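Peer 1:
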Amino acid sequence: MNFTKLLFVFLTITVLLIGGAVFWLYNAVSSQYEHSKAEEFITIEKGTSPNAIIGKLTSEGIIKNPLATQIYLRTFGDASQLKAGDYQFKSPISALGVLEELKAGKERTVKLTIPEGWTRFEIAKRVASRFKSDPPMDEKAVFYLMNDVSLIKDIDPRAKNLEGYLYPTTYEFSPEATPQEIIKRMVKQFKKTWKPEWTVRAQQLGKTNQEIVTIASLIENESKVDEERKIVSSVIYNRLDRRMALGIDATNVYIAKLLGKWDGVIHKSDIEINHPYNTRKISGLPPGPISSASKSALEAALNPAKTEYLYYVLNVEKNDGSHNFYASAAEFERGKAKYQKWLAEQRRK
Numbered sequence: 124m125n126f127t128k129l130l131f132v133f134l135t136i137t138v139l140l141i142g143g144a145v146f147w148l149y150n151a152v153s154s155q156y157e158h159s160k161a162e163e164f165i166t167i168e169k170g171t172s173p174n175a176i177i178g179k180l181t182s183e184g185i186i187k188n189p190l191a192t193q194i195y196l197r198t199f200g201d202a203s204q205l206k207a208g209d210y211q212f213k214s215p216i217s218a219l220g221v222l223e224e225l226k227a228g229k230e231r232t233v234k235l236t237i238p239e240g241w242t243r244f245e246i247a248k249r250v251a252s253r254f255k256s257d258p259p260m261d262e263k264a265v266f267y268l269m270n271d272v273s274l275i276k277d278i279d280p281r282a283k284n285l286e287g288y289l290y291p292t293t294y295e296f297s298p299e300a301t302p303q304e305i306i307k308r309m310v311k312q313f314k315k316t317w318k319p320e321w322t323v324r325a326q327q328l329g330k331t332n333q334e335i336v337t338i339a340s341l342i343e344n345e346s347k348v349d350e351e352r353k354i355v356s357s358v359i360y361n362r363l364d365r366r367m368a369l370g371i372d373a374t375n376v377y378i379a380k381l382l383g384k385w386d387g388v389i390h391k392s393d394i395e396i397n398h399p400y401n402t403r404k405i406s407g408l409p410p411g412p413i414s415s416a417s418k419s420a421l422e423a424a425l426n427p428a429k430t431e432y433l434y435y436v437l438n439v440e441k442n443d444g445s446h447n448f449y450a451s452a453a454e455f456e457r458g459k460a461k462y463q464k465w466l467a468e469q470r471r472k
């Protein structure tokens with residue numbers, strides 16, 4: 124075998140070996156693996172060497188192939204870019220994904236989820252319990268800060284508190300965030316969601332911004348089905364136009380919360396109480412919002428469907444939270460009787 128053939132064989136074997144090694148390396152660092160630490164913070168101290176970082180994450184079960192990760196970092200990466208910090212690594216994740224997060228750096232954050240339809244009372248309790256400050260956050264103090272109407276005066280100069288303006292979504296805060304910062308962020312998110320043209324639309328409907336937010340909060344509590352929210356909105360507008368009481372039980376629940384007596388059940392006394400929020404007795408809107416409303420509910424309040432409906436009852440056939448709608452009292456009474464019969468059957472089960 125002459126020299127040329129030997130060289131060819133040598134180069135072929137070398138290329139195959141290098142190709143195989145590259146394939147193994149890429150497969151090892153790009154494959155995603157499950158781990159059990161997704162809900163935990165992993166702290167990487169300042170000054171920790173790259174090998175020590177990889178070793179720690181291997182012992183935590185996040186990196187599955189430390190050798191491949193070390194080779195990749197030395198060959199293709201830049202170990203100097205790995206940053207100290209508190210990390211939450213999703214599961215599954217690849218070694219490449221881990222290295223990307225370490226390069227980006229990450230501060231520890233606290234996730235705060237505010238569900239749609241929550242009131243100031245639930246929000247204050249959630250904020251106080253979610254942030255482990257020293258001294259601990261006081262729920263009453265957080266609630267008191269929700270009276271700072273200066274935060275929303277450009278949208279609602281008549282607001283008496285921030286009910287309805289603490290936007291419901293999931294936030295991330297620093298663990299050291301103050302109640303003031305948290306509340307300001309929620310109001311800021313509401314203002315970011317509220318479009319300037321919505322104020323114009325409210326005026327076209329003959330409503331103030333506060334009245335639109337109030338209607339949205341009623342819709343949020345009455346219907347969880349996006350497709351029918353504009354129809355629910357039309358019922359509210361139609362009843363307001365006819366000076367009919369809205370009869371929305373969520374306002375009676377809100378009264379009980381205001382009075383500190385809500386126990387999860389609407390009592391006869393809650394329905395009969397003389398109170399400006401009692402829409403079973405008053406013929407207009409309550410004095411303000413009764414909860415935080417989603418963008419969907421706000422849009423429904425601004426764009427009611429054109430209907431003649433004045434009533435609605437839960438649809439027991441679908442049993443998915445949707446409603447049947449009625450234009451006449453007679454139709455409504457038949458629908459209500461059907462619903463009450465179904466409800467009695469459910470209670471007997």
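Start counting the sequence shown at 124; every next residue gets the next number (the working numbering). No residue lacks a Cβ here, since even glycine has one placed at the ideal position from N, Cα and C. Quick caveat: nothing in here was measured; it's all calculated off a predicted structure.
Is it the case that the Cβ atoms of leucine 205 and isoleucine 176 are separated by a distance below 8 angstroms?
Peer 2: Result yes, Cβ atoms of leucine 205 and isoleucine 176 sit closer than 8 angstroms.
Peer 1: At 3 residues or longer, and completely inside the region 193-243: list those beta strand (DSSP E) runs for me, N to C.
Peer 2: With a minimum length of 3 residues, the continuous beta strand (DSSP E) runs that stay inside the region 193-243 are 208-210 and 233-236.
Peer 1: Would DSSP call tyrosine 149 helix, strand or coil?
Peer 2: Helix at tyrosine 149.
Peer 1: Got a sec, what are the start and stop residues for the beta strand (DSSP E) asparagine 447 sits in?
Peer 2: Element bounds for asparagine 447: 446-449.
Peer 1: Using CA coordinates, which residue listed in Ala450, Arg352, Glu245 and Ile275 is at the minimum distance from asparagine 361?
Peer 2: The shortest C-alpha separation from asparagine 361 is found at Ala450.
Peer 1: Three or more C-beta pairs closer than 8 angstroms, one from the region 383-399 and one from the region 302-309: is that the case here?
Peer 2: Contact fails: fewer than three Cβ-Cβ distances are below 8 angstroms.
Peer 1: Could you tell me if aspartate 393 is buried or exposed, where buried requires 16 or more neighbouring beta carbons within 10 angstroms of its beta carbon?
Peer 2: Buried: at least 16 other Cβ atoms inside 10 Å.
Peer 1: Is it true that the CB of proline 298 sits closer than 8 angstroms to the CB of isoleucine 237?
Peer 2: Cβ atoms of isoleucine 237 and proline 298: not closer than 8 angstroms.
Peer 1: Comparing alpha-carbon positions, which option in Glu239, Lys380 and Phe199 lies nearest serine 415?
Peer 2: Selected option, being the one with the closest Cα: Glu239.
Peer 1: Does phenylalanine 448 pass the burial test, meaning 16 or more other C-beta atoms within 10 Å, or should it be called exposed?
Peer 2: With 16 or more other Cβ atoms within 10 Å, it is buried.
Peer 1: For isoleucine 165, which beta-bridge partners are listed by DSSP?
Peer 2: Its beta-bridge partners are Tyr210.
Peer 1: Does leucine 408 have its Cβ less than 8 angstroms from a Cβ in chain D?
Peer 2: Note that chain D does not occur in the displayed structure, where there is just one protein chain.
Peer 1: Please name the residue, chosen from Ser357, Thr402 and Arg365, that lies closest to lysine 376 on a Cα-to-Cα basis.
Peer 2: Looking at the sequence itself, residue 376 is valine, so the reference to lysine does not match. Minimum Cα distance to valine 376 is reached at Thr402.
Peer 1: With DSSP run on the structure shown, which of helix, strand or coil describes tyrosine 294?
Peer 2: Three-state result, tyrosine 294: strand.
Peer 1: Within the continuous alpha helix (DSSP H) that includes valine 355, where are the two ends?
Peer 2: Unbroken alpha helix (DSSP H) run through valine 355: 352-364.
Peer 1: Quick test of the definition: if touching needs 3 or more C-beta pairs under 8 angstroms, does the region 324-342 touch the region 276-288?
Peer 2: They touch, by the three-pair rule.
Peer 1: In whole angstroms, what separates the C-alpha of serine 445 from that of proline 427?
Peer 2: So the two alpha carbons sit approximately 17 angstroms from each other.
Peer 1: By Cβ distance below 8 angstroms, which residues in the same chain neighbour glutamate 162 in space, the five residues on each side in sequence not counted?
Peer 2: Gln211.
Peer 1: Applying the 10 Å Cβ sphere with the 16-neighbour rule, what's the burial state of lysine 353?
Peer 2: Result: buried.
Peer 1: Go to valine 436, then tell me how far its beta strand (DSSP E) extends in each direction, as first and last residue.
Peer 2: 434-437 is the span of the beta strand (DSSP E), which, as asked, contains valine 436.
Peer 1: Between valine 355 and the rest of its own chain, which residues show a CB-CB distance below 8 angstroms, the 5 nearest in sequence each way excluded?
Peer 2: So the list reads Ile342, Glu345, Ser346, Ala423, Tyr435 and His446, once near-sequence residues are dropped.
Peer 1: For the alpha helix (DSSP H) that isoleucine 338 lies in, which residues bound it at each end?
Peer 2: Segment 332-345, the alpha helix (DSSP H) holding isoleucine 338.
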